[in-house]
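Visitor: Going line by line, the protein sequences match chains A and B.
Residue numbering for the first sequence follows the numbering used here, starting at 695 and increasing by one per position.
Residue numbering for the second sequence follows the numbering used here, starting at 1217 and increasing by one per position.
Take a look at the following structure, please.
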Amino acid sequence: MVVRISKQFKSLVVLLCAVILFAGCSTVPKNDPEAAAEFKKINDPVENVNRVIFGVNQAFDKVILKPVTFAYRSLTPDFFRKGVSNFLHNLKSPVILVNDILQGEIGRAGDTVARFVINSTVGIFGLVDVAENLGFEQHNEDFGQTLAVWGFGEGPYLMLPILGPSNPRDAIGRVVDFFVDPINWWVAPDDNRIPIIRTAVSAIDLRDRLWDNLEEIDKNSIDPYASYRSMYRQRRNNEIRNGSNSQSKADLVPTKPTYELAEPSLTE
Amino acid sequence: MSIKNSKTTLLVVIIFCLGLYNSFSALGATNPDPAGEDFIRSLRDQVLSTLTPKELSEADRKSNFEKIIDRYFDINRMARMSLGRYWRKADKDERNEFITQFKAMVVNTYAERFKSYSGERLIVSGSSKRGRMILVNSEFKKKGEKPVRIDWRIFGIKDKYKLFDVIIEGVSLVQTNRSQFSSVVRRNDGSISALLKLLREKNSK
């Protein structure tokens, strides 16, 4: 299975590179230092390609993901969807734990272990988040965040087909997380179906949780592509800082905190 | 035996250092501003009493929201920051029109959100002040769900406080708007009137 997946991944990467090369990069504005600075800050050199992929993703959402999620929302009660969500998050525990440790977050690593043990047993295979009420708060870590903590920059913005907003750092993080996940190499090493079903259900779960937000962006944004790009970066930086405003972890991260107390600059 | 002892000592030292580190980072962060916290509490109470009642008509809810904006928000500053570097390129009429459209956009986007209010609570949890800039931290709690962190950025001179940005789980309203507004202007060869046209269309829907 692992070999097959990596082959698929390789062809995806080759395809992406080809598309980007052929489409060409946007050019840095000349003769206008302010525009050039803005271009650098937006850091989206393949914006034209990204926007095409974004359009395809939007169509995919409209035709498949959104209707399926709508059916899921209409046919199942809240507690059921909450259970699915909890179960999926519990499955991610090993990957979260590895990344907690790689980032030196010992306290959070302890939380992850406690959550996994409590929720997998008392919480009936992770369906009920008992640990949250006991003070072990849910959190997310992934290898993209780990790379950031280690000092890697995000690189240019990338819109991945189906997967959505990303960048080289987070895309590499996804691949590493996939191979780290014991469900992929230990529980079901010869069964392609489990990761496929899990990915599909996770996508529907995520779409369900983001439902109201996406409705609002669709309805109110005058440039959804730019809105998503900005929000994706702000969310990721927030996750990398583990939600703290500017302290501790931010000092280790090369990216500037998304907001500070000082008077903000007027450029993006 | 001695090995075990040194291990225990090491553990104690590590725990001690962690504790020390935590207390230092906590010390460095705080210069709280109780008046700013009260300002957000007052805003919250005002929203609760004038925007959340179910029986309000859409028009009343919107006009109540506009009153709240006039009293609590620095809408000019928000508009200026949201337009970013293009603010300086806009002439007076364009600036005025932009502020009008920006305000209408905020009202249209958020007024109806309060309709679905069902007992969620906003708990102000702290603040920090640097110069005239105040950041108030709060948690939005819905029963049975993970709390959402909301931070409020206030500009304060003496007892006059005005809100100019709302940051939800690290995502700033001003910054997100700046991205979409400047993207629209940039993709229309620097034309601010193209942006205004789009905003007008959106707001008249």
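For glycine and all other residues, C-beta sits at the position ideal for the given N, C-alpha and C.
(1) Is there a Cβ of chain A sitting closer than 7 Å to that of Gly1335 of chain B, yes or no?
(2) Interface residues of chain B around Ala842 of chain A at Cβ under 8 Å?
(3) Taking the beta carbon of Ser1334 of chain B as the centre, do at least 16 other beta carbons fall within 10 Å, making it buried, or is it exposed?
(4) Please say whether Asp836 of chain A and Asp871 of chain A have beta carbons closer to each other than 7 Å?
(5) Between which residues of its own chain and Pro850 of chain A is the CB-CB distance below 6 Å, once the five residues before and five after are set aside?
(6) For a cutoff of 7 Å on Cβ pairs, would you count Gln1317 of chain B as touching chain A?
(7) Would you mind giving the Cβ-Cβ distance between Lys1305 of chain B and Ile1408 of chain B, rounded to the nearest angstrom? I have them listed as a contact below 8 Å.
(8) Which runs of the alpha helix (DSSP H), 4 residues or longer, sit entirely within the segment 886-935 of chain A?
(9) Where do the N-terminal and C-terminal ends of the alpha helix (DSSP H) with Arg1348 of chain B fall, by residue?
(10) Do you know how far the Cα of Arg745 of chain A is from the Cα of Arg930 of chain A?
(11) Along the segment 923-938 of chain A, where does the CB come closer than 8 Å to a CB of chain B? Name the residues.
(12) To be precise: take each residue of the segment 1382-1411 of chain B, compare its Cβ to all Cβ atoms of chain A, and keep it if any distance is under 7 Å. Which residues remain?
(13) If contact is defined by three or more beta carbon pairs under 8 Å, each pair taking one atom from either stretch, is the segment 775-790 of chain A in contact with the segment 810-829 of chain A?
(14) Return helix, strand or coil for Ser1241 of chain B, following the three-state DSSP convention.
(15) Got a sec? Which residues, its chain only, sit under 7 Å from Ile1373 of chain B by beta carbon, not counting five neighbours each side?
(16) Between B:Leu1267, B:Leu1259 and B:Ser1354, which lies nearest to Ser1327 of chain B when the distance is taken from Cα to Cα?
(17) Going by C-alpha to C-alpha distance, which of A:Val881, A:Trp844 and A:Arg901 sits closest to Leu857 of chain A?
(18) Which residues in chain B sit within 8 Å of Asn914 of chain A, going by Cβ to Cβ distance?
(19) In chain order, what residues of the segment 857-868 of chain A put their CB closer than 7 Å to some CB of chain B?
(20) If I'm right that Ile1370 of chain B touches Val1322 of chain B with Cβ under 8 Å, what's the distance once you round it to whole angstroms?
(21) Given a limit of 9 Å on CB to CB distance, which residues of the segment 1274-1291 of chain B reach chain A?
(22) Pull up the DSSP beta-bridge partners for Asp1367 of chain B, would you.
(23) Whose CA, out of B:Ser1398, B:Lys1376 and B:Lys1413, lies closest to the CA of Trp1303 of chain B?
Guide: Quick look at the numbers:
(1) Not an interface residue.
(2) Chain B residues near Ala842 of chain A: none, gap ~14 Å exceeds 8 Å.
(3) The residue is exposed, with fewer than 16 neighbouring Cβ atoms inside 10 Å.
(4) Yes.
(5) Sequence-distant Cβ neighbours of Pro850 of chain A in its own chain, meaning closer than 6 Å and more than five residues away, are Asn737 and Pro739.
(6) Taking 7 Å as the threshold, the shortest C-beta distance from Gln1317 of chain B to chain A does not fall below it.
(7) Contact between Lys1305 of chain B and Ile1408 of chain B holds: CB atoms are separated by about 7 Å, below the 8 Å threshold.
(8) Whole alpha helix (DSSP H) segments, 4+ residues: 887-903, 905-914 and 918-934.
(9) For Arg1348 of chain B, there is no enclosing alpha helix (DSSP H), as DSSP gives it neither H nor E.
(10) Spanning the two alpha carbons is a distance of roughly 20 Å.
(11) Residues passing the 8 Å Cβ filter: Arg923, Ser924, Met925, Gln928, Arg929, Asn931, Asn932, Glu933, Arg935 and Gly937.
(12) So the close ones are Ile1383, Glu1385, Gly1386, Val1387, Ser1388, Gln1391, Thr1392, Arg1394, Ser1395, Gln1396, Ser1398, Ser1399 and Val1400.
(13) The way I'd put it, the segment 810-829 of chain A does touch the segment 775-790 of chain A; three or more beta-carbon pairs between them come closer than 8 Å.
(14) The predicted model places Ser1241 of chain B with a pLDDT of 48, which falls under 50 and marks its position as unreliable; any figure quoted below should be read in that light. In the structure shown, Ser1241 of chain B sits in a helix (DSSP, three-state: H, G or I).
(15) Cβ neighbours of Ile1373 of chain B beyond the five flanking positions: Arg1348.
(16) It is worth fixing the name first, because residue 1327 of chain B is Ala in this sequence and not Ser. Taking Ala1327 of chain B as reference, the option from B:Leu1267, B:Leu1259 and B:Ser1354 with the minimal CA-CA separation is B:Leu1267.
(17) When each option's Cα is compared against that of Leu857 of chain A, the closest is A:Arg901.
(18) Within chain B, the residues near Asn914 of chain A are Met1321, Asn1324, Thr1325 and Lys1418.
(19) Answer in chain order: no residues at all.
(20) That belief does not hold up - the Cβ atoms of Ile1370 of chain B and Val1322 of chain B are roughly 17 Å apart, past 8 Å.
(21) For the segment 1274-1291 of chain B, the set of residues with a beta-carbon nearer than 9 Å to any beta-carbon of chain A is empty.
(22) Checking the DSSP bridge columns, you'll see Asp1367 of chain B partnered with B:Asn1353 and B:Ile1383.
(23) Closest option to Trp1303 of chain B, Cα to Cα, is B:Ser1398.
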